[in-house]
Structure formats: structure tokens, C-alpha cells
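Just so we're aligned: the sequence shown equals residues 10 to 376 in my numbering. Backbone N, C-alpha and C define an ideal beta-carbon position, used for all residues, glycine too. All values reported here derive from a predicted model rather than from experimental measurement. Below is one structure, written out as C-alpha cells; comments come after it.
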Amino acid sequence: MPRIDADLKLDFKDVLLRPKRSSLKSRAEVDLERTFTFRNSKQTYSGIPIIVANMDTVGTFEMAAVMSQHSMFTAIHKHYSLDDWKLFATNHPECLQHVAVSSGSGQNDLEKMTSVLKAVPQVKFICLDVANGYSEHFVEFVKLVRAKFPEHTIMAGNVVTGEMVEELILSGADIIKVGVGPGSVCTTRTKTGVGYPQLSAVIECADSAHGLQGHIISDGGCTCPGDVAKAFGKAGPWCRGREGRRKRAPCTSPGAGADFVMLGGMFSGHTECAGEVIERNGRKLKLFYGMSSDTAMKKHAGGVAEYRASEGKTVEVPYKGDVENTILDILGGLRSTCTYVGAAKLKELSRRATFIRVTQQHNTVFS
Ligand code: 5GP
């Protein structure tokens, strides 16, 4: 008999945040910056905990230059050369505290990352990203990178369950990337049948990580500023898995939401993204694709290896102009969420917010 976990698991679209009485007068009073001290690196970081995904379309140096002006973070994609990094470090030294160098778990990636961190020692974050964070090889890789870089803050993933979050933290990672299958250009769920509803994954993984003084990133699946707010939010009693650690008192437990939120699709289509603006039938578009798509694999690996299926889409998204406008839209939405629930700081959002289950997100009569 296959085992079926019948606990309710939810996505962002299944909930809304309940408004609460608040003494805040205006959105401008809300402080979105957070300060974290990481479990294994012992480093401290302050910033608005929104991260541009390490995809080669959005995780660019141009993006990082704008993001860092807002104290926001960019996981730089792994395909830049050492010379590109040196140039960026020379031209934008002020950005270096808000970027991570990315790597897969291959030897070439590790060598490149090592040379970048040697050449640009101001970069203190490492983003170890594999499609399947459940492999023993990946766990060993995290241990190896931790041993090599004892003082760098390591982000690692992706996983969606508490036991793997704990294993990666105990292996040396500081921040666990959570999300299998929710991404805007991800086809993992249709190709493999594997996945986990993102809101529940975040709530359960945050619980495990926070129990060990670790942190998590909600990675993928945000389609609008409201979803970003929900990722930072916290669980109602029905959100917790049957094995949930704080099952009896979930409503009062602090920090059950994500510490960081990573976005790909929401930052796609901007001036700062890689690629040219395409003009078609009077419309301006930009290419956006998954890092496991045919497009990415042809570009970086000379084609799709025959043992693996492409698990990413390639899409043309409307050209959205400068990313500054999107940043202001997201931050404005987040500040407004905080005022609705009475949180003067983003840090308080997870304590103040309560989700309600819904069957409809918004009125679609004109959409
Ligand atoms: P989004 O914000 O666009 O919904 O999700 C971004 C995330 O999707 C990335 O950070 C990464 O974890 C994931 N992702 C990016 N490319 C691919 C891909 O080709 N396949 C899969 N399965 N996930 C991807």
C-alpha cells in the first residue's frame, strides 16, 4: 500500500492574511530591514530579506547594482567568469555585501567559486543550488564547502521537508532554500510528479530550521507582492503537519514564516535582466527561462544531457522597464501588509499575522 499523507497542505493561493487592529499611522513607519546572525558562519547580516534568484536571466550584476541600493540581496548566477566578477567588484564595491556567489555541486563549479571568493573576499555569501537537495552527494558537498569556507554564510537547497532542512543545517549550511516545483518556469511537478505546496513547505521547514537556529528562504512560487508577504507570514493551527513540532501552540510560536524570500519571475522582463528586448507585433518582450530548461542547457552545457529531462520552461514576458518600479511595488505592498496586521517591523509580521483559508483570492470579474 502506498503511504498517503492526508494532512492539509497549502499554497499561497489558499490563504489570505487576517487584518488586525493597529496603532501604525502610515506605511512609511514600517521597517522592512532585518538583522540575522547565522548559525554556522556566525556572521551578521542586515538588509531587506528579498533575494533575486540565481537564474542567468535575473541574477545579474546589473540587477545587484539596483537591489543593493535598497539593501536587497542578489544571488548572482554561476555563469559569470572570474574576470566578470573582478570587474564588478572594482566598479561596484558597495554591492558586495548584498550578493552571493552561486555554485552547483560539480568540481568545475567549486573551483570557479573558490577562485571568485579568493579574488573578491568581500563576498561573504555562498549559494549552493541543486535541483534535488536530497542527494547524499549534496550533503557531502555542503560539508566540504563548510570546511573550506568556515566563515562564509552558506545558502543551500532545494528541499521541502523538515528532516532534510535539519540535515543540511547540521552539515554546515546556514540558510536552507525551500521549494520543489513551485517556480514560474519550473516543470518539475509535471515531469516528475514530485513537489510540495509552497506555503506548507515554508511553514514546516521554518519550524525545523528555527529549532536549530538556522534560517530558510522561501524559493519560488510568488506571483505578486501579496504572496511575498504570505511567505513571511505565519501558520494557523491547521497549517502544521501532523508531526509539526509545535503542534499544540502554533498560533503563539514566533517566526514560523520564511526569513528570506527568493524571486525569479517577479523580477523577470526588466532592463537589468540579461538578454535583449524583443519586438513582436508591436509588443516589447524579454526572454525568461528556467535553469533546467532546454534554453539554459543549450546555452551553458551544449544541450540537454540524455539522462535528464528538461525541467524548465522558456517564456517571453512583457518588457517591464526598470526594476526600480517593481521593487517599489513589492516593498510598498509589504509595508502595507505590515500596517494591516499591526507590525511595525517586518520581523513582527510572522508574529502578528494569522492566515485564513479561502476559496477565492480576489475578484476576477474584470480579469
Ligand atoms: P519563481 O520566483 O520564478 O516562481 O521561482 C524561482 C525559482 O524557480 C528559482 O529560484 C529556482 O529555485 C526555481 N527554478 C529556476 N529554474 C528552474 C528550472 O528550470 N526548473 C525548476 N524545477 N525550477 C527552477
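Straight-line CA distance for residue i to residue j?
{"i": "A165", "j": "D138", "result": "6 angstroms"}
{"i": "G264", "j": "L119", "result": "Any reading at G264 is ruled out, since the residue's pLDDT is 47, under 50, leaving its predicted position unreliable."}
{"i": "R30", "j": "V350", "result": "7 angstroms"}
{"i": "L208", "j": "D331", "result": "29 angstroms"}
{"i": "G202", "j": "E320", "result": "11 angstroms"}
{"i": "N49", "j": "P11", "result": "38 angstroms"}
{"i": "F364", "j": "N100", "result": "44 angstroms"}
{"i": "V151", "j": "S77", "result": "27 angstroms"}
{"i": "C233", "j": "D23", "result": "14 angstroms"}
{"i": "K200", "j": "S32", "result": "49 angstroms"}
{"i": "C260", "j": "I212", "result": "No answer about C260 holds up, because its pLDDT of 39 lies below 50 and its placement is not dependable."}
{"i": "H386", "j": "P327", "result": "The structure shown does not extend to residue 386, since the chain is modelled only from 10 to 376, so the question has no answer here."}
{"i": "G171", "j": "A109", "result": "24 angstroms"}
{"i": "R254", "j": "K18", "result": "Low confidence applies here, because R254 scores a pLDDT of 47, under 50, leaving its location unreliable and the question unanswered by this model."}
{"i": "C231", "j": "I339", "result": "11 angstroms"}
{"i": "E145", "j": "V154", "result": "14 angstroms"}
{"i": "K329", "j": "K322", "result": "20 angstroms"}
{"i": "E357", "j": "K308", "result": "43 angstroms"}
{"i": "F45", "j": "D183", "result": "11 angstroms"}
{"i": "D303", "j": "A37", "result": "44 angstroms"}
{"i": "G312", "j": "N117", "result": "18 angstroms"}
{"i": "A283", "j": "G299", "result": "13 angstroms"}
With distances taken from CA atoms, which of the options is nearest residue i?
{"i": "K127", "options": "G142, H107, L294, K95", "result": "K95"}
{"i": "T197", "options": "I185, K186, N141", "result": "N141"}
{"i": "N334", "options": "L25, V75, S32", "result": "V75"}
{"i": "M81", "options": "A62, Q207, T280", "result": "A62"}
{"i": "G115", "options": "Y89, Y143, F147, D93", "result": "F147"}
{"i": "H224", "options": "R36, P11, Y54, G113", "result": "Y54"}
{"i": "A353", "options": "V24, S35, R27", "result": "S35"}
{"i": "T123", "options": "P102, E145, Q106, K87", "result": "K87"}
{"i": "V187", "options": "V67, V168, L296", "result": "V168"}
{"i": "R27", "options": "R366, F375, V374", "result": "R366"}
{"i": "D65", "options": "K329, T170, S90", "result": "S90"}
{"i": "V125", "options": "A156, D92, E145", "result": "D92"}
{"i": "T162", "options": "V374, V132, I13", "result": "V132"}
{"i": "E385", "options": "Y143, L337, V67, I13", "result": "Residue 385 cannot be examined here, being either before or after the span of the chain that is shown, 10 to 376."}
{"i": "P159", "options": "A210, K51, T368, E176", "result": "K51"}
{"i": "I226", "options": "S277, V174, G204", "result": "V174"}
Sorted by chain position, which residues of the same chain lie with C-beta nearer than 8 angstroms to residue i's C-beta, five sequence neighbours on each side aside?
{"i": "L355", "result": "V39, D40, L41, E42, R43, I57, P58, F241, L343, C347"}
{"i": "E325", "result": "I287, R289, L294, K295, L296, F297"}
{"i": "K157", "result": "T123"}
{"i": "S376", "result": "none"}
{"i": "W247", "result": "Bear in mind that the predicted position of W247 carries a pLDDT of just 44, short of 50, making it too unreliable to give a figure here."}
Check the DSSP bridge columns for residue i and list the partner residues they point to.
{"i": "L137", "result": "S112, A165"}
{"i": "L294", "result": "I287, P327"}
{"i": "C195", "result": "G321"}
{"i": "T46", "result": "T53"}
{"i": "S302", "result": "G321"}
{"i": "R30", "result": "BP columns for R30 are empty, so no partner."}
{"i": "L25", "result": "I365"}
Who are the Cβ neighbours of residue i in its own chain at under 6 angstroms, not counting the five residues just before and after it?
{"i": "D236", "result": "F21"}
{"i": "K243", "result": "A265, G266, S359, A362"}
{"i": "V129", "result": "W94, A98"}
{"i": "S180", "result": "V148, V151, K152"}
{"i": "A2", "result": "Here the chain comprises residues numbered 10 to 376, so residue 2 is not present and cannot be evaluated."}
{"i": "I60", "result": "F82, A84, F269, M271"}
{"i": "I178", "result": "L221, G223"}
{"i": "G229", "result": "G188, P191, G192"}
I'd like the list of long-range same chain contacts for residue i, defined as Cβ closer than 7 angstroms, with 5 residues on each side in sequence excluded.
{"i": "E288", "result": "none"}
{"i": "E281", "result": "T69, E71, M72, V75, V332"}
{"i": "G113", "result": "K87, D138, V139"}
{"i": "A258", "result": "In this prediction, A258 scores a pLDDT of 39, lower than 50, which makes its location untrustworthy; the coordinate-derived value is nonetheless stated afterwards. Correct list: empty, nothing qualifies."}
I'd like to know if the segment 270 to 281 and the segment 186 to 206 are in contact, where contact means that at least 3 CB-CB pairs between them fall below 8 angstroms. yes
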